[in-house]
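Participant: Position 130 of the sequence shown, counted from 1, bears residue number 130 in this note's numbering, the numbering being contiguous throughout.
Note that the Cβ used here is the ideal one computed from N, Cα and C, for glycine as well.
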Amino acid sequence: MRARISDVAAAAGVSVTTVSLVMNGVESRISDETSQRVRDAARAVGYAPSSLARGLRTQRTRTVGLISDQIATTPFAGRMLAGAQDVARDHGHLVFLVNTDSDETIEQEAIRALTAHQVDAMIYATMWHRTVTPPAGLRPDTVFLDCRPDGGGFRSTVPDDREGGASAVRELVAAGHRRIAYLDTVDTLPIASSLRLEGYLAVLAEAGIDADPALHVRGATSAQGGREATERLLDLGADRPTAIFCFNDRMAVGAYTAAHRRGLDIPRDVSIIGYDDQQLIAAEQDPPLTTIALPHYEMGRWAMEAALGVRADGDTDAAYLMECPVIRRDSVGPPPAEVG
1 MRARISDVAA AAGVSVTTVS LVMNGVESRI SDETSQRVRD AARAVGYAPS SLARGLRTQR
61 TRTVGLISDQ IATTPFAGRM LAGAQDVARD HGHLVFLVNT DSDETIEQEA IRALTAHQVD
121 AMIYATMWHR TVTPPAGLRP DTVFLDCRPD GGGFRSTVPD DREGGASAVR ELVAAGHRRI
181 AYLDTVDTLP IASSLRLEGY LAVLAEAGID ADPALHVRGA TSAQGGREAT ERLLDLGADR
241 PTAIFCFNDR MAVGAYTAAH RRGLDIPRDV SIIGYDDQQL IAAEQDPPLT TIALPHYEMG
301 RWAMEAALGV RADGDTDAAY LMECPVIRRD SVGPPPAEVG
């Protein structure tokens, strides 16, 4: 049977009131010796106070609700959850995670349940960087993770995808490339697509390179989509790109396949750079893929620190931008002397 507070009182030789004051950390005139005796007795009998009951008295349940669409079932995006959990654990909080699979009914049930449980804070997370309409019932201090609330009003953190795209193209320009393609996604929902395109175009302009519309192609956000789009680029013959910046690592895998089918060596004949730094993808290519890392873990930490009041940076009018660093491997080199 679950140990009761009366069992602790009997073991420590004190009143139930004294046990309650000690276990709930209430300021009182109880001596340090008695307090220690009560805690020792609680451990001896296996007593753990109810967090819900304690929350009703202190208005703190030491819990955080995290509502997401798919991050709990997506390996690389799950790093956001790891970052959030590490911060929560460091500050004595438990995370209640609800994965909704983008089902609005489940989402509303989750909000009601977490509110009824009196969680101390709430985080709303998505797998893709995009703008979302805040669902009804969210706490006004909810922190948004990897998404921007439509119209503002909430603190949020997202990857700096514009600068990430710029960093990818700067890497290629620095290697000497001027025929640089952007292998974009056909999915226009993620705001990341347009931001990475902005970074791509900005760096071309900085370098005095005219943007060629023929080098901006779109494909499905998959290895097959990347292969098919890359084949269209390679069909340009003498006008084909010497370097390809891919929307994500999966499309880069397809770009590798298309290049290898044409007998092209990476990076001697064509350089390829990805985005995401997905585990078991980027580093496992032949050669290993240079890519831009999405700061999932760092964003998860930021969101939890903001939710718990540990950090005050960021505001409700603009998302906090998190750096996307270049992960240099072996798929970028100088352009070939001749293309054809």
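Might you give, ordered along the chain, the residues of its own chain that have their beta carbon closer than 7 Å to the beta carbon of Ala-82, omitting 5 neighbours on each side?
Facilitator: If we look at Ala-82 and ignore the five residues flanking it on each side, its Cβ neighbours are Tyr-297 and Gly-300.
Participant: Considering only residues of the segment 150-238, which uninterrupted alpha helix (DSSP H) runs meet the minimum length of 4 residues and lie entirely inside it, listed in chain order?
Facilitator: Segments of the alpha helix (DSSP H) lying fully in the segment 150-238: 161-174, 191-206 and 223-234.
Participant: May I have the straight-line CA-CA distance separating Asp-277 from Ser-68, to the nearest angstrom?
Facilitator: Distance between the alpha carbons of Asp-277 and Ser-68 is about 21 Å.
Participant: Excluding the 5 residues preceding and the 5 following Arg-227 in the sequence, name in chain order all residues of the same chain whose CB lies nearer than 6 Å to its CB.
Facilitator: Closer than 6 Å at the Cβ level, and outside the excluded window around Arg-227, lie Gly-254, Thr-257 and Ala-258.
Participant: Using the C-alpha atoms, what's the distance from Pro-334 back to Leu-97?
Facilitator: If you take the alpha carbons of Leu-97 and Pro-334, they lie about 46 Å apart.
Participant: Rounded to whole angstroms, what's the CA-CA distance from Ile-123 to Ala-252? Just pull it up for me.
Facilitator: Looking at the two C-alpha atoms, the distance is approximately 32 Å.
Participant: Run through DSSP, which three-state label would Val-126 get?
Facilitator: Looking at the sequence itself, residue 126 is Thr, so the reference to Val does not match. If DSSP states are grouped into helix, strand and coil, Thr-126 belongs with the strands.
Participant: Taking 7 Å as the limit between beta carbons, can you name the residues of its chain near Ala-306, skipping five residues before and five after?
Facilitator: So the qualifying residues of the chain are Val-143, Arg-155 and Gly-314.
Participant: Where Gly-219 and Ala-318 are concerned, what is the direct C-alpha to C-alpha distance, given to the nearest angstrom?
Facilitator: When rounded, the distance between both Cα atoms is 30 Å.
Participant: So, for Leu-52: in the same chain, excluding its five sequence neighbours on each side, which residues have a beta-carbon less than 7 Å away from its beta-carbon?
Facilitator: Residue placement at Leu-52 is flagged as unreliable, the pLDDT there being 49, under the threshold of 50; a coordinate-derived value is accordingly withheld.
Participant: For Glu-198, which residues in the same chain have their Cβ closer than 6 Å to its Cβ, ignoring the five residues on either side in sequence?
Facilitator: Cβ within range, chain order: Arg-162.
Participant: Buried or exposed for Thr-133, please, with buried defined as at least 16 other CB atoms from any protein chain shown within 10 angstroms of its CB.
Facilitator: Exposed.
Participant: Indicate whether Ala-243 and Val-270 have their beta-carbon atoms separated by less than 8 Å.
Facilitator: Cβ atoms of Ala-243 and Val-270: closer than 8 Å.
Participant: So, for Arg-4: in the same chain, excluding its five sequence neighbours on each side, which residues have a beta-carbon less than 6 Å away from its beta-carbon?
Facilitator: There are no such residues.
Participant: Would the beta-carbon of Ala-258 be found less than 7 Å away from any heavy atom of the ligand ZN?
Facilitator: Among the ligands in the structure shown, none appear at all, so the ligand ZN cannot be discussed.
Participant: Within 10 angstroms of its Cβ, does Gly-78 collect 16 or more other Cβ (buried), or is it exposed?
Facilitator: The residue is buried, with at least 16 neighbouring Cβ atoms inside 10 Å.
Participant: Answer yes if the segment 230-238 comes into contact with the segment 199-211, meaning at least three C-beta pairs across the two stretches below 8 Å, and no otherwise.
Facilitator: Result no; under three Cβ-Cβ pairs closer than 8 Å.
Participant: With DSSP as the reference, identify every bridge partner of Phe-144, one or two as the case may be.
Facilitator: The partner list for Phe-144 (beta bridge, DSSP) reads Tyr-124 and Ser-156.
Participant: Excluding the five sequence neighbours on either side, which residues of its own chain have a C-beta within less than 7 Å of the C-beta of Val-14, listed in chain order?
Facilitator: Correct list, in chain order: Thr-34 and Val-38.
Participant: Which word fits Gln-350, buried or exposed, when buried means at least 16 other C-beta atoms lie within 10 angstroms of its C-beta?
Facilitator: This structure cannot settle anything about residue 350, because the visible part of the chain is limited to 1 through 340.
Participant: Report the option in Ala-312, Arg-329, Glu-323 and Tyr-320 whose CA atom is closest to the CA atom of Glu-284.
Facilitator: Checked all of Ala-312, Arg-329, Glu-323 and Tyr-320; the closest Cα to Glu-284 is Arg-329.
Participant: Can you tell which of Asn-99, Ala-136, Trp-128 and Ala-125 has the C-alpha that lies nearest to the C-alpha of Thr-115?
Facilitator: Minimum Cα distance to Thr-115 is reached at Ala-136.
Participant: Of all the options Leu-321, Asp-286 and Ile-292, which has the alpha carbon lying nearest to the alpha carbon of Ala-303?
Facilitator: Out of Leu-321, Asp-286 and Ile-292, Leu-321 has the C-alpha closest to the C-alpha of Ala-303.
Participant: Do you know how far the Cα of Thr-291 is from the Cα of Ala-282?
Facilitator: Distance between the alpha carbons of Ala-282 and Thr-291: 7 Å.
Participant: Leaving out five residues on either side along the sequence, give the residues of the same chain with a beta carbon under 8 Å from the beta carbon of Thr-100.
Facilitator: Same-chain partners within the cutoff: Ile-67, Ser-68, Asp-69, Ile-106, Glu-107 and Ala-110.
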